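Student:
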Ligand code: HEM
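Residue numbers (the numbering used here): 193 to 657.
#1: Report the residue from 274, 226, 625 and 239 whose alpha carbon sits nearest the alpha carbon of residue 591.
#2: Among 335, 372 and 518, which residue has its Cα nearest to the Cα of residue 501?
#3: Quick one: Cα of residue 378 to Cα of residue 420, how far?
#4: Does the distance from the CB of residue 491 to the CB of residue 485 come in under 8 Å?
#5: So does residue 591 have its beta carbon nearer than 7 Å to some heavy atom of the ligand HEM?
#6: For residue 647, name the three-state secondary structure that DSSP assigns.
#7: Which residues in the same chain have their Cβ closer than 7 Å to the Cβ of residue 597, if we skip the five residues on either side of it in sequence?
#8: Alpha carbon to alpha carbon, how far is residue 467 from residue 508?
#9: Can you tell me whether residue 667 is helix, strand or coil according to DSSP?
#10: Is residue 636 buried or exposed, if buried means 16 or more other CB atoms sit within 10 Å of its CB?
#11: From the DSSP output, which residues share a beta bridge with residue 550?
#12: Determine the closest residue to residue 656 out of 536, 496, 583 and 262, with distance taken between C-alpha atoms.
#13: Tell me the residue span of the alpha helix (DSSP H) that contains residue 454.
#14: Report yes or no: do three or more beta-carbon pairs, one from the segment 579–590 and one from the segment 255–264, lie closer than 8 Å?
#15: From residue 297 to residue 290, what does the alpha carbon distance come to, in whole angstroms?
#16: Short check: CB of residue 653 to CB of residue 621, under 8 Å?
#17: Kindly examine the ligand HEM and report whether one of its heavy atoms sits closer than 7 Å to the Cβ of residue 149.
#18: Would you say the beta carbon of residue 464 is closer than 7 Å to some non-hydrogen atom of the ligand HEM?
#19: Tell me which same chain residues have a C-beta within less than 6 Å of the C-beta of residue 353, skipping the five on either side of it?
#20: Please go through the same chain and pick out, in chain order, the residues whose beta-carbon is closer than 6 Å to the beta-carbon of residue 644, but skip the five residues on each side of it.
#21: Which word fits residue 321, buried or exposed, when buried means at least 16 other C-beta atoms lie within 10 angstroms of its C-beta?
#22: With distances taken Cα to Cα, identify the nearest neighbour of residue 567 among 244, 235, 356 and 336.
#23: Helix or strand or just coil, what does DSSP make of residue 218?
#24: With burial defined as no fewer than 16 other Cβ atoms inside 10 Å of the residue's Cβ, what is the status of residue 363: buried or exposed?
#25: Look at the alpha carbon of residue 430 and the alpha carbon of residue 387, and state the distance between them as a whole number of angstroms.
#26: Can you tell me the Cα-Cα spacing of residue 375 and residue 457, whole angstroms?
#27: Determine the closest residue to residue 360 out of 329, 381 and 337, with distance taken between C-alpha atoms.
#28: Leaving out five residues on either side along the sequence, give the residues of the same chain with a beta carbon under 6 Å from the beta carbon of residue 610.
#29: Quick check: does the Cβ of residue 658 come within less than 7 Å of any heavy atom belonging to the ligand HEM?
#30: Are residue 277 and residue 247 close, meaning C-beta to C-beta below 8 Å?
#31: For the alpha helix (DSSP H) holding residue 399, just list the boundary residues, first then last.
#32: Indicate whether the contact test is met: 3 or more Cβ pairs, each with one atom in the segment 248–259 and one in the segment 512–532, closer than 8 Å.
#33: Distance, Cα to Cα, residue 337 vs residue 439?
#34: Report yes if the C-beta of residue 597 is less than 7 Å from at least one heavy atom of the ligand HEM; otherwise report no.
#35: Closest to residue 422 by CA distance: which of 556, 294 and 284 is it?
#36: Measure how close the beta-carbons of residue 539 and residue 357 come, nearest whole angstrom, since I'm counting them as under 8 Å.
Following this line, the structure appears as structure tokens:
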């Protein structure tokens with residue numbers, strides 16, 4: 193698993209003295225740094241390639257976002273240290289400061305004791321029993337979509353999965369009539385927010401204040417979205433009734449020790465966070481799921497055989513999920529190949545990362561994409577191979593090698609929700625349709641907050657005459 197240069201920090205002409213003490217290693221600076229811009233152009237222009245090459249320079253490598261240095265850890269062991277073992281030594285970091293105007297102090301954007309309290313309060317919303325209760329909403333929304341398809345139709349799978357995932361998370365959050373307006377507004381503003389979020393995250397700070405259309409569109413969408421969510425919360429609070437939806441769980445949650453609940457502002461921030469964190473991530477995984485089936489007829493055949501055998505034309509239920517073993521392996525392989533690009537942190541204390549001394553205040557990151565495409569961990573990493581996840585083969589992976597949902601303190605609370613949703617949607621589609629690639633339309637990932645496919649058009653073919 194390890195490679196020759198792991199731990200071998202290069203000290204040479206292209207290194208910064210940042211953090212150096214005698215006897216300590218100094219992390220090399222990645223090649224291609226430009227004055228003022230740092231590595232921003234590489235990160236925005238060729239993010240996947242740029243991040244994948246970092247490990248060949250060492251286990252900890254410095255890159256510059258504009259003039260701001262950031263230490264990227266490139267081995268699974270150090271990724272695990274940052275996310276899990278030493279999680280308490282890190283806050284979330286710069287990217288989160290930048291998205292604070294949108295997410296406020298929601299889970300994704302908070303740290304320390306406050307984050308821990310919020311996670312405790314929100315746990316019931318993500319409990320297995322609750323998720324089992326959302327399955328009906330998921331299956332209904334998926335059935336609505338597949339029933340709208342006609343044989344031989346070309347559908348924009350990426351857009352349809354965006355819309356489906358947003359409406360699923362929206363309807364599980366807000367089951368009321370008024371909630372529909374919030375879901376409709378989310379459908380309108382979310383694509384704009386997600387498009388500009390990644391650019392904002394990596395671009396130098398001053399770029400946010402430039403009076404350019406991109407900034408105006410982002411700010412307007414964020415303001416509209418927050419306003420509609422505020423209206424739904426105000427109405428639900430006034431009604432004070434358990435609708436069995438996620439919003440009711442948030443409004444009714446009480447701290448076990450103090451008996452206190454969340455303020456309206458906090459519920460608001462959590463709702464915006466869940467809509468943002470839970471929709472696009474799942475939609476992207478679903479789009480790649482269908483893309484990869486379309487590229488691999490043998491995988492598709494085995495998937496269909498399993499669905500026909502286990503589901504046999506019924507509505508999919510929560511209890512079916514553990515029986516869909518091959519489907520689960522496809523989902524893992526999709527999450528390996530198409531994860532988030534980067535997770536970021538900021539050191540709160542002095543930390544030793546593979547011999548490199550990290551001072552408080554230093555930005556640290558790890559790339560899930562690079563880890564999941566490391567040929568030392570995943571032979572032939574661009575190959576789509578669900579059988580990598582057969583128990584014997586998967587057992588050889590070190591901790592930190594597969595982190596699609598992060599790990600440790602901030603491990604994604606929605607992971608079971610997401611895996612359930614992907615399974616239900618995939619099985620609902622497979623009961624009736626194959627999605628066939630359109631010839632001559634290559635699909636490639638592009639950079640947004642997630643690894644979105646470029647336009648993914650596929651043709652609907654009925655599976656049964
Ligand atoms: C395939 C789908 C998903 C992926 C790949 C994904 C990925 C992640 C990752 C990597 C993190 C950790 C971020 C970090 O450590 O900085 C995270 C956190 C989070 N996710 Fe997910 N997620 C998915 C679906 C969902 C869903 C469906 C929801 C909610 C319904 C959700 C809600 C959250 C929240 C609230 C956090 C913040 C947790 C914290 O910081 O304490 N996610 N997610």
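Using N, Cα and C, we set each Cβ at its ideal position, and we do this for glycine too. Quick caveat, the model's predicted, so the values are computed rather than measured.
Tutor: In this structure, then:
#1: 274
#2: 518
#3: 9 Å
#4: yes
#5: no
#6: Of the three classes helix, strand and coil, the one that applies to residue 647 here is coil, per DSSP.
#7: 603, 604 and 607
#8: 24 Å
#9: In the structure as shown, the chain starts at 193 and stops at 657, and residue 667 therefore has no counterpart that could be examined.
#10: exposed
#11: 543
#12: Ranking 536, 496, 583 and 262 by CA distance to the CA of residue 656 puts 496 first.
#13: First-last for residue 454: undefined, no H or E at that position.
#14: no
#15: Between the alpha carbons of residue 297 and residue 290 lies a gap of roughly 12 Å.
#16: Not closer than 8 Å, so no.
#17: The structure shown does not extend to residue 149, since the chain is modelled only from 193 through 657, so no value can be given for it.
#18: No, the Cβ of residue 464 stays beyond 7 Å of every heavy atom of the ligand HEM.
#19: 475, 478 and 479
#20: Excluding positions up to five away in sequence, the list reads 476 and 638.
#21: exposed
#22: 244
#23: Coil at residue 218, not helix or strand.
#24: The residue is buried, with at least 16 neighbouring Cβ atoms inside 10 Å.
#25: 35 Å
#26: 19 Å
#27: 329
#28: Result list for residue 610: 474, in chain order.
#29: An answer regarding residue 658 cannot be provided, because it is not within the stretch 193 to 657 covered by the chain.
#30: no
#31: First-last for residue 399: undefined, no H or E at that position.
#32: Too few Cβ pairs lie closer than 8 Å, so no.
#33: 25 Å
#34: yes
#35: The closest CA to that of residue 422, considering only 556, 294 and 284, is found on 294.
#36: Between residue 539 and residue 357, the beta carbon gap of about 34 Å keeps them out of contact (Cβ cut-off 8 Å).
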